[in-house]
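A.B. asks: Below you'll find the structure I mean.
In the working numbering, the protein residues as written are 46 to 366.
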C-alpha cells in the first residue's frame, strides 16, 4: 500500500494544470503551426499558377491577333511595303513573269477567293492590230499540196472521181478503163520501164460508169514496173478552179517517190512510200489550182530497191474531183 501511495503521489506531482502529460504539449503546437504554413504556401502556389495561366492566355491572344492581321493584309512579293525591299509605300511589284521583250506583263488586280501567293489567271492575249493581213490570191495563181494516207479496203471510183477517173491492168499491162463522159483532164504520159499487169492488190476498186468496161464490183488489178528510176508519168490539165487528185499506188520491197510539179513553175511537192520486206499501198492526195491549159505533172518512180528480184512501184487508179 505504501508503494502504491507513493506512485500516485508522484503521478499527481508531475501533472500540469491542464491535466495533460507534459510530453504531449510540444507536438500539438508544432502541428498547428505546420498546418497554417502549409495552407499559406498552397494559396501562394495557386496564385502563381493563376498568374502564369493568365499570362499564357494573353500571349496566345496577342499571337492570334497578329496572325489574323497578316492573313487579311496585302502581301508583297519582295518584302514589306516601304521596307528594305525597295518598294515605296503605296506601290506594288509586278506579279507576272517577264514578257518576251524583257518587260513584265501585268496580271491585273487580285481577285477574291485566292489563297496567299496565288495569282489570277492571265487574260487572253489581245490580237495585234498591227500585223498586216495576207495579200489576196492573185487571179490565175498556182497552188499545190501533197499528202499521203492509207487506202480504204474498197474504193468507189464513180464516187471519188466525179470529174474524171482512170484504172489500169484489168486486161493486162496495157489495159485501161476510163470514166464514161468524164472531163478527159487525166492524161497517161507513159513512163520508164516495162508495165506488167497483175491482180494481187490489197485493196479493190469498183465503178459503175466506165468504158470500155461499164462496171466492176471489185477489181484488185493494177500494173507495176521494176528497177530504180523506172515508173509512171501522169498529167492533169488545169481548169482555173481548185482541184483534188487521188492517186492509188503501191510498192513491193522498194521505196517509191512521188513528185508533183506544175507546168507554171514553183516548188515541187514530194511524198514517199517504203517497205523493205513486203508490199504496201497508199493513197496520195494532191490539191492544186492552175490556169486553164496549164498542167499538173505526176511522176511515181522507184527510188530504191531492197531486193534484186524486181523491187517495184505499182499503179492501180487515179481519180479527179
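Ideal Cβ placement from N, Cα and C applies to all residues, glycine included.
In angstroms with no decimal places, state the Cα-to-Cα distance between residue 85 and residue 98.
C.D. replies: If you take the alpha carbons of residue 85 and residue 98, they lie about 20 Å apart.
A.B. asks: Report buried or exposed for residue 253, applying the criterion of at least 16 other Cβ atoms within 10 angstroms of its Cβ.
C.D. replies: So residue 253 counts as exposed.
A.B. asks: Report, in whole angstroms, the separation of the C-beta atoms of residue 301 and residue 358, which I expect to be a contact under 8 Å.
C.D. replies: Correct: roughly 4 Å between the Cβ atoms.
A.B. asks: Roughly how many whole angstroms lie between the Cα atoms of residue 326 and residue 274?
C.D. replies: Rounded to the nearest angstrom, the two C-alpha atoms are 19 Å apart.
A.B. asks: Shortest alpha-carbon distance to residue 217 belongs to which of 188, 270, 196 and 229?
C.D. replies: For the residues 188, 270, 196 and 229, the minimum Cα distance to residue 217 belongs to 270.
A.B. asks: Measuring alpha carbon to alpha carbon, tell me which of 320, 304 and 332 ends up nearest residue 290.
C.D. replies: If we check each option's Cα against that of residue 290, 332 comes out closest.
A.B. asks: Starting from the C-beta of residue 315, find all residues in its chain whose C-beta is less than 6 Å away, skip the five residues before and the five after it, and write them out in chain order.
C.D. replies: Closer than 6 Å at the Cβ level, and outside the excluded window around residue 315, lie 304.
A.B. asks: Could you check which residue in 340, 317 and 337 has the C-alpha nearest to that of residue 346?
C.D. replies: The residue with the shortest Cα to Cα distance from residue 346 is 317.
A.B. asks: Please identify the residue among 90, 311, 340 and 282 whose C-alpha is closest to the C-alpha of residue 229.
C.D. replies: Closest option to residue 229, Cα to Cα, is 282.
A.B. asks: Would you kindly work out how many angstroms separate the C-alpha atoms of residue 96 and residue 105, rounded to a whole number?
C.D. replies: For residue 96 and residue 105, the distance between alpha carbons rounds to 14 Å.
A.B. asks: With a cut-off of 8 Å on the beta carbons, I'd call residue 293 and residue 207 a contact; round off their distance for me.
C.D. replies: In fact, because the Cβ distance is near 16 Å, the residues do not count as touching under 8 Å.
A.B. asks: Taking the beta carbon of residue 224 as the centre, do at least 16 other beta carbons fall within 10 Å, making it buried, or is it exposed?
C.D. replies: When all chains shown are included, residue 224 counts as buried.
A.B. asks: Determine whether the beta carbon atoms of residue 220 and residue 246 lie at a separation below 7 Å.
C.D. replies: Going by C-beta atoms, residue 220 is not nearer than 7 Å to residue 246.
A.B. asks: Classify residue 74 as helix, strand or coil using the three-state DSSP reduction.
C.D. replies: Confidence is the limiting factor: at residue 74 the pLDDT is only 47, short of 50, which leaves the residue's position unreliable, though a coordinate-based value still follows. Looking at residue 74 - three-state DSSP - the assignment turns out to be helix.
A.B. asks: Comparing alpha-carbon positions, which option in 340, 323 and 202 lies nearest residue 287?
C.D. replies: Nearest of 340, 323 and 202 to residue 287, Cα basis: 340.
A.B. asks: Please state the DSSP three-state secondary structure of residue 247.
C.D. replies: In the structure shown, residue 247 sits in coil (DSSP, three-state: anything other than H, G, I, E or B).
A.B. asks: With DSSP run on the structure shown, which of helix, strand or coil describes residue 84?
C.D. replies: Residue 84 falls in the helix class under three-state DSSP.
A.B. asks: Since residue 221 sits in a beta bridge, which residues does DSSP pair it with?
C.D. replies: Paired residues: 213.
A.B. asks: Which residue wins for smallest C-alpha separation from residue 40, given the options 226, 249, 234 and 204?
C.D. replies: In the structure as shown, the chain starts at 46 and stops at 366, and residue 40 therefore has no counterpart that could be examined.
A.B. asks: Can you check which of these residues, 236, 203, 213 and 241, is closest to residue 227 by C-alpha distance?
C.D. replies: Nearest C-alpha to residue 227: 203.
A.B. asks: What does DSSP give as the partner residues of residue 264 in its beta bridges?
C.D. replies: According to DSSP, which records beta bridges pairwise, residue 264 is partnered with 250.
A.B. asks: Using a Cβ-Cβ distance under 7 Å, would residue 308 count as near chain B?
C.D. replies: Protein chains in the displayed structure number just one, and chain B is not present.
A.B. asks: Does residue 87 pass the burial test, meaning 16 or more other C-beta atoms within 10 Å, or should it be called exposed?
C.D. replies: Exposed, by the Cβ-count rule.
A.B. asks: Could you say which of 356, 313 and 238 lies nearest to residue 319 if we only look at CA atoms?
C.D. replies: Among 356, 313 and 238, the Cα nearest to that of residue 319 is on 356.
A.B. asks: Where DSSP assigns a beta bridge to residue 297, which residues make up the other side?
C.D. replies: In the DSSP output, where bridge partners are listed per residue, residue 297 has 324 and 357.
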